[in-house]
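The opening position of the sequence shown corresponds to residue 1 in full-length UniProt numbering, with each subsequent residue numbered one higher. C-beta: ideal position from N, C-alpha, C; glycine also. This report concerns only the one structure given below.
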Amino acid sequence: MKKFIGILPLFLLLGCESTDSKLPSFAQTSAQSSTIPNDPALIAKGAKVFKYRCSACHSMDANKSQFFGPHLADLIDREIATIDGYTFPETTKQHDIVWTESTLYEWLENPQQMVKDMCMPFTGLPKKEDRDALMAYLKYGG
1 MKKFIGILPL FLLLGCESTD SKLPSFAQTS AQSSTIPNDP ALIAKGAKVF
51 KYRCSACHSM DANKSQFFGP HLADLIDREI ATIDGYTFPE TTKQHDIVWT
101 ESTLYEWLEN PQQMVKDMCM PFTGLPKKED RDALMAYLKY GG
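What follows is the structure, given as structure tokens:
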């Protein structure tokens, strides 16, 4: 079983490159005052959500390379596919997305609806409290 779990990400990456040329464009919002509370309890819960739902592929350390996904340090207000040293699929680079708080929240709820051709096994966080906690962690805890 451990061998299967170890190679699972490799299977998930097969067929990631899409040839669909219909790329969604999302309205960009300028940086506004944060709606994410800087609450230590919420940030701690978000750290757990990150650990169990994100850390297999992502790091919160900008100096730590992840094999399967780019680091998520300082993600909010960053353009999609702009991490130096990480190779993004061409289809991902073609999207016009800035990870604002509202865009990222929408992404966390239903990522495949937002970006159908992004190569990620993540299917979203259905619970609002998990999304709120992860947002707090991404904003203040990482």
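Is the CB-CB distance between residue i and residue j below 9 Å?
{"i": "Cys57", "j": "Phe68", "result": "yes"}
{"i": "Pro126", "j": "Glu109", "result": "yes"}
{"i": "His95", "j": "Ile76", "result": "no"}
{"i": "Ala73", "j": "Asp84", "result": "no"}
{"i": "Lys139", "j": "Ser34", "result": "yes"}
{"i": "Arg53", "j": "Asp130", "result": "yes"}
{"i": "Ala41", "j": "Tyr137", "result": "no"}
Considering Cα atoms alone, identify which of the options is closest to residue i.
{"i": "Leu104", "options": "Leu134, Leu42 and Tyr86", "result": "Leu134"}
{"i": "Ser59", "options": "His71, Leu42 and Ile43", "result": "His71"}
{"i": "Cys119", "options": "Thr92, Ile80 and Glu101", "result": "Thr92"}
{"i": "Arg78", "options": "Asp61, Ser33, Ala44 and Val98", "result": "Val98"}
Quick one: measure Cβ to Cβ for residue i and residue j, integer angstroms, because I've assumed they're closer than 8 Å.
{"i": "Glu101", "j": "Ile43", "result": "Wrong, their Cβ atoms sit about 15 Å apart, outside the cutoff."}
- Fully enclosed by the region 58-126, which beta strand (DSSP E) runs are 3 residues long or longer? Whole beta strand (DSSP E) segments, 3+ residues: zero.
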